[in-house]
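S.K.: Residue numbers for the sequence shown follow the numbering used here, beginning at 658 and rising by one.
All C-beta atoms in this analysis are idealised placements derived from N, C-alpha and C, irrespective of residue type, glycine included.
What follows is a structure written as structure tokens; I'll ask about it next.
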Amino acid sequence: MQPKILAASIALALCTAQAHAAETNAVPTSADEWFAAGRAAVESSKRVVPNRARAKNVILFVGDGMGVSTVTAARILDGQMRNTDGEFNRLSFEKLDHMGSSVTASANQQTSDSAPTATAMVAGIKTNDGAISVDQSIDRNEPSAAVTRAKSVKTILEQAEERGMSTGIVSTARITHATPAVNYAHVGNRDWEADSNLPAGATVADIARQLLEFPYGDGLEVALGGGRSYFMPNTATDPEYPSQKGRRKDGRDLTAEWTKKYAQSAYVWDKAAFDAVNPQQTKHLLGLFERSHMRYEADRKDDVAGEPSLAEMTEKAIKVLRNNNKGFYLMVEAGRIDHAHHAGNAYRALTDTVALSDAVEVAKRLTNDQDTLIVVTADHSHVFTIAGYPSRGNPILGKSAVDGVASKDALGLSYTTLSYANGPGWTGGFQRKEFVAATEGTVAAHYDGSALRPDLSMVDTTNPNYLQEATVPMGSETHAGEDVAIYASGPNAYLFRGPQEQNVIYHVMADALGLDKERGRGHGHGHGHDRR
């Protein structure tokens, strides 16, 4: 074929593919369409120009436990719930311009927990499991405020406050939980969320107290999530659950202290009060919507007092933070993806991942790529897998099937597409377990069938409470050690490429904001006071 004719043919194919996608959002159905779509993707990528501008704002989204298999399965479920092609659907953050991968091993663990992985992302170092923004030389149960202070590492949120920027954290977990806590707190043991969790004689401040005694700038502007009981004294009755009390032994009501400390501040605990907050007239917003973690997205509708979605909290946070013309730093965590995986419940893990996608979409709408770096990643993965050879369109939560015919294992039994390498879904001894939303626990039930595996032929595995099978019996499914993806857009996003150590995420964000490149040590009264 003549070069000019070939070029014209390719151009026509590209235009046809792009027009076809724009008009129908349909998946290619022929070899020619697939070829043209591939070329169109290359041409689209070539038009992406590295953004080397200085960022005014940074938003870090963390899907806790959101490994690559979770993203893939959530993408498919999202499409199937919307009656579109799930396999070729894309979540909002998968459409960001740049992508890399992150190595999640901590300083002392091959497979990590959320404390060191989140510390890596916001403080630029690797540390030990359980450690909240302190270096790896600290003992996990170090009780001394002075020692903790000496081993603390300054975070990007603290640096942003020093510069006069606005800062915020949003999470569906407790805001004292590991991922949000690493932004503002410094402690050797992630479990020290309230003073009632501290060992006797400890002088280091608990995590909730450190939020209120935060010594940098004018304090966090936004903190939204769960964990209300960690801020309330054990003599105070919870406003949503009259039979429940707070956890604090020191008698302090940190929610009241928040509104007393900050001018133009608000504390809210239900959806109505949250909706009533005027972001233009609020400088400091604290929202604690559950005693512990917030509800899973699938169960949010069942909360009598009402809870905002992750997308709604993200929107409110951005609208409060953007009042500052010096810019802002915001961390948003979909914290309950992790909890659903630990419970062996794929449905809630995936619907919370879709909720994260909705939150990223809101952030993209309220910001622009010219001055806002958006990073979406995970702290670690889970032992969650997509198995078999199911046909396109087969329900992702269903049993593996080819053209409607159930796939069978060596015992002649059907199996699900999704499963876990370990966890509470182990089905030995005829047992299965189901998720109980009210208690977030599991209950055993009995199958009819093989003692080696259950007969799933009469089981609705798409039920939201179904626990996917697990190979190894464990009370709680475990994290996994493989790399996780990084998705990004905006200034410095082009610097993400994989594999990179997880602490590089901090350095890309800090460089985008032009923050001090020297490693900082945390100093301030927020770490408590030694009595010695």
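Using C-beta distances below 6 Å, list every residue in its chain close to D1173, excluding the 5 sequence neighbours before and after it, in chain order.
M.R.: Taken in chain order, the list of residues that qualify is empty.
S.K.: Grab the span of the beta strand (DSSP E) containing Y1077 for me, first residue to last.
M.R.: First-last of the beta strand (DSSP E) with Y1077: 1075–1080.
S.K.: In the DSSP assignment, find the unbroken beta strand (DSSP E) run with P1130 in it and report its ends.
M.R.: Taken as a continuous stretch (DSSP letters only), the beta strand (DSSP E) holding P1130 covers 1127–1130.
S.K.: Whose C-alpha, out of S1133, P856, T912, R831, is nearest the C-alpha of E870?
M.R.: Among S1133, P856, T912, R831, the Cα nearest to that of E870 is on T912.
S.K.: Can you give me the C-alpha to C-alpha distance between A1150 and R747, rounded to a whole angstrom?
M.R.: Rounded to whole angstroms, A1150 to R747 spans 19 Å at the Cα level.
S.K.: Taking V706 as the reference, which of P1111, P1148, L717 has the closest Cα?
M.R.: The shortest C-alpha separation from V706 is found at P1148.
S.K.: Which of the three DSSP states, helix, strand or coil, is assigned to H1037?
M.R.: Coil, per DSSP.
S.K.: Mind checking which residues open and close the alpha helix (DSSP H) that includes A1142?
M.R.: That residue, A1142, is in no alpha helix (DSSP H); its beta strand (DSSP E) goes 1141–1146.
S.K.: Could you check if L1068 is buried or exposed, using at least 16 other CB atoms within 10 Å of its CB as the buried criterion?
M.R.: With fewer than 16 other Cβ atoms within 10 Å, it is exposed.
S.K.: Can you give me the Cβ contacts of R909 inside the same chain, cut-off strictly under 7 Å, excluding the 5 residues immediately before and after it?
M.R.: Closer than 7 Å at Cβ, skipping near neighbours: P890.
S.K.: Quick one: Cα of H755 to Cα of G858, how far?
M.R.: Rounded to whole angstroms, H755 to G858 spans 49 Å at the Cα level.
S.K.: What alpha helix (DSSP H) runs, 4 residues minimum, are completely inside the region 896–977?
M.R.: Qualifying alpha helix (DSSP H) stretches, in chain order: 911–918, 928–933.
S.K.: How many Å lie between A679 and R739 at the Cα?
M.R.: Here A679 scores only 40 on pLDDT, less than 50, and its place in the model is too uncertain to base an answer on.
S.K.: Reducing DSSP to helix, strand and coil, say where K1065 ends up.
M.R.: Note: K1065 maps to strand in three-state DSSP.
S.K.: Helix, strand or coil for Y986, going by three-state DSSP, please let me know.
M.R.: Note: Y986 maps to strand in three-state DSSP.
S.K.: Do D792 and T784 have their beta-carbon atoms positioned less than 9 Å apart in this structure?
M.R.: Contact flag set, yes.
S.K.: Decide if K1065 is buried, meaning its Cβ has at least 16 other Cβ atoms within 10 Å, or exposed.
M.R.: Classification of K1065: exposed, given that the 10 Å Cβ count is below 16.
S.K.: Cutting at 6 Å between CB atoms, please list the residues of its own chain near F1153, excluding the five before and the five after it.
M.R.: Taken in chain order, the residues that qualify are H755, G757, I1143, A1145.
S.K.: Please tell me whether T836 and L978 are closer than 9 Å, where the distance is taken between their beta carbons.
M.R.: Cβ atoms of T836 and L978: not closer than 9 Å.
S.K.: Measuring CB to CB, does D770 end up less than 9 Å from H1037?
M.R.: Yes, the Cβ-Cβ distance between D770 and H1037 is below 9 Å.
S.K.: Would you list the residues sitting across from I1031 in a DSSP beta bridge?
M.R.: Looking at the DSSP assignment, I1031 forms a beta bridge with I716, S1146.
S.K.: Look at G781 and V810 and say whether their C-beta atoms are less than 9 Å apart.
M.R.: Yes, the pair counts as a contact, with Cβ atoms nearer than the cut-off.
S.K.: Can you give the beta carbon distance from D1140 to P1156, rounded, assuming they're within the 8 Å contact cut?
M.R.: Sure, about 5 Å apart at Cβ, within 8 Å.
S.K.: Is the region 1000–1018 close to the region 721–729, with three or more CB pairs under 8 Å?
M.R.: Yes, they touch.
S.K.: On the criterion of 16 or more Cβ atoms from any shown chain inside 10 Å, does R905 qualify as buried, or is it exposed?
M.R.: The residue in question, R905, is buried, as its Cβ has 16 or more Cβ neighbours within 10 Å.
S.K.: In terms of residue numbering, what span does the beta strand (DSSP E) encompassing A880 cover?
M.R.: Segment 879–883, the beta strand (DSSP E) holding A880.
S.K.: Start and end of the alpha helix (DSSP H) containing A771?
M.R.: Sequence inspection shows Ser at residue 771; the Ala mentioned does not correspond to that position. Here the alpha helix (DSSP H) through S771 covers 771–780.
S.K.: Buried or exposed for G1098, going by 16 or more other Cβ atoms inside 10 Å?
M.R.: Counting Cβ neighbours within 10 Å, G1098 comes out exposed, since fewer than 16 surround it.
S.K.: Are the CB atoms of R948 and G992 nearer to each other than 9 Å?
M.R.: Going by C-beta atoms, R948 is not nearer than 9 Å to G992.
S.K.: Report yes if the CB atom of V1032 is closer than 9 Å to the CB atom of P1047, and no otherwise.
M.R.: Going by C-beta atoms, V1032 is not nearer than 9 Å to P1047.
S.K.: Based on the DSSP secondary-structure assignment, which residues constitute the bridge partners of Y1072?
M.R.: Y1072 is not bridged to any residue.
S.K.: Starting from H998 and walking both ways along the alpha helix (DSSP H), at which residues does that stretch end?
M.R.: First-last of the alpha helix (DSSP H) with H998: 993–999.
S.K.: Are M778 and I1053 closer than 9 Å when you measure CB to CB?
M.R.: Going by C-beta atoms, M778 is not nearer than 9 Å to I1053.
S.K.: Go through its chain and collect everything with a Cβ distance to N714's Cβ below 6 Å, but skip five positions before and after it.
M.R.: Only G984, F985, T1029 meet the Cβ criterion.
S.K.: Whose CA, out of G1080, M1115, A929, lies closest to the CA of Y1072?
M.R.: For Y1072, the nearest C-alpha among the options comes from M1115.
S.K.: What are the partner residues of Q1159, as DSSP defines its beta bridges?
M.R.: None; Q1159 has no bridge partner.
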